[in-house]
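Asker: For reference, the structure I am asking about is given below.
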Amino acid sequence: MDDRLSQTDFARTLRRNASDAERALWRILGKLRPRFTRQYPLGPYVADFACRRARIVVEVDGGQHAENRYDSRRTTNLVASGWRVLRYWNNDVLADADGVVADIIARGDPRLPPGEQFRFVGSRPSRRRREEEEGPPPAPPARAGGEKE
Numbered sequence: 001m002d003d004r005l006s007q008t009d010f011a012r013t014l015r016r017n018a019s020d021a022e023r024a025l026w027r028i029l030g031k032l033r034p035r036f037t038r039q040y041p042l043g044p045y046v047a048d049f050a051c052r053r054a055r056i057v058v059e060v061d062g063g064q065h066a067e068n069r070y071d072s073r074r075t076t077n078l079v080a081s082g083w084r085v086l087r088y089w090n091n092d093v094l095a096d097a098d099g100v101v102a103d104i105i106a107r108g109d110p111r112l113p114p115g116e117q118f119r120f121v122g123s124r125p126s127r128r129r130r131e132e133e134e135g136p137p138p139a140p141p142a143r144a145g146g147e148k149e
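Sequential numbering from 1 applies to the sequence shown in UniProt numbering.
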């Protein structure tokens with residue numbers, strides 16, 4: 001069996017069996033653009049979340065990851081491949097997923113053009129909000145009395 005296919009199958013299994021912290025973070029990360037992907041295969045590894053456009057990997061770690069040499073080696077290899085690795089503890093995500101996402105956004109990739117910085121889908125102000133902030137659009141010019149079209 002092809003290694004890439006087996007990594008993809010493994011990633012699917014991880015997606016189906018996500019931890020509570022991963023699910024909580026995905027509810028918010030899934031609304032960000034550029035897009036994040038859950039359980040993204042990267043060579044011999046599967047990242048919890050990856051934004052390919054920004055080359056950022058987000059890992060959500062439980063207690064089993066404390067002082068883990070495998071995680072350290074994995075991070076070193078991903079960084080050497082041009083990825084930025086951000087790690088957060090499960091309990092931090094569960095206690096404040098919004099704060100974790102705010103940190104991810106703040107640490108976004110400065111190489112992204114300004115229009116492609118992290119933003120939430122639908123974060124463009126609605127027409128009503130724009131009118132409240134900028135005022136209503138200008139009225140069409142008035143016609144002179146008796147003028148026909």
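Cβ atoms here follow ideal geometry from the backbone N, Cα and C, with glycine treated the same way.
Note that the structure is a prediction, hence the values are computed from the model and not measured.
If we count the other Cβ atoms within 10 Å of its Cβ and call it buried at 16 or more, is Asn-90 buried or exposed?
Answerer: Position 90 of the sequence shown, counted from the first residue, corresponds to residue 90. Per the 10 Å Cβ criterion, buried.
Asker: Measuring alpha carbon to alpha carbon, tell me which of Pro-44, Thr-75, Leu-78, Asp-48 ends up nearest Arg-23.
Answerer: On the sequence shown, position 23 is the one that residue 23 refers to. Nearest option by C-alpha distance: Asp-48.
Asker: In terms of alpha-carbon separation, which member of Arg-84, Arg-69, Tyr-88, Arg-33 lies closest to Leu-25?
Answerer: Translated into positions along the sequence shown, residue 25 becomes position 25. The option with the nearest alpha carbon to Leu-25 is Tyr-88.
Asker: Sort out for me which residues DSSP pairs Asp-34 with in a bridge.
Answerer: The count along the sequence shown starts at 1 and reaches residue 34 at position 34. Per the sequence shown, the amino acid found at residue 34 is Pro instead of Asp. According to DSSP, which records beta bridges pairwise, Pro-34 is partnered with nothing at all.
Asker: Where do the ends of the beta strand (DSSP E) carrying Glu-22 lie?
Answerer: The sequence position of residue 22 within the sequence shown is 22, counting from 1. Careful: Glu-22 lies outside any beta strand (DSSP E), inside the alpha helix (DSSP H) at 20 to 29.
Asker: Suppose the cutoff is 7 angstroms on Cβ atoms and the five residues either side in sequence are ignored; what does the same chain contact list for Thr-75 look like?
Answerer: Stepping through the sequence shown from its first residue, residue 75 is reached at position 75. Setting aside the 5 residues that flank it on each side, Thr-75 is surrounded in the same chain by Val-85, each with a C-beta closer than 7 angstroms to its C-beta; the list follows chain order.
Asker: What does DSSP give as the partner residues of Leu-86 in its beta bridges?
Answerer: The count along the sequence shown starts at 1 and reaches residue 86 at position 86. Bridge partners of Leu-86: Val-58.
Asker: Taking the alpha carbon of Asp-61 as the reference point, which residue from Ala-54, Tyr-70, Arg-55 has its own alpha carbon closest?
Answerer: For this step, residue 61 is matched to residue 61 along the sequence shown. Comparing Cα positions, the closest option is Tyr-70.
Asker: Whole angstroms is fine: what's the gap from Asp-81's alpha carbon to Ala-21's?
Answerer: Taking the sequence shown and counting its residues from 1, one reaches residue 81 at position 81. Taking the sequence shown and counting its residues from 1, one reaches residue 21 at position 21. Reading the sequence as shown, one finds Ser at residue 81 and not Asp. Approximately 27 angstroms between the Cα atoms of the pair.
Asker: Can you name the residues that DSSP bridges to Arg-119?
Answerer: Position 119 of the sequence shown holds residue 119. Residue pairing by DSSP puts Arg-119 in a beta bridge opposite Arg-33.
Asker: Per DSSP, which residues does Tyr-45 bridge with? Please list them.
Answerer: Along the sequence shown, one-based indexing puts residue 45 at 45. In DSSP, Tyr-45 forms a bridge with Leu-42.
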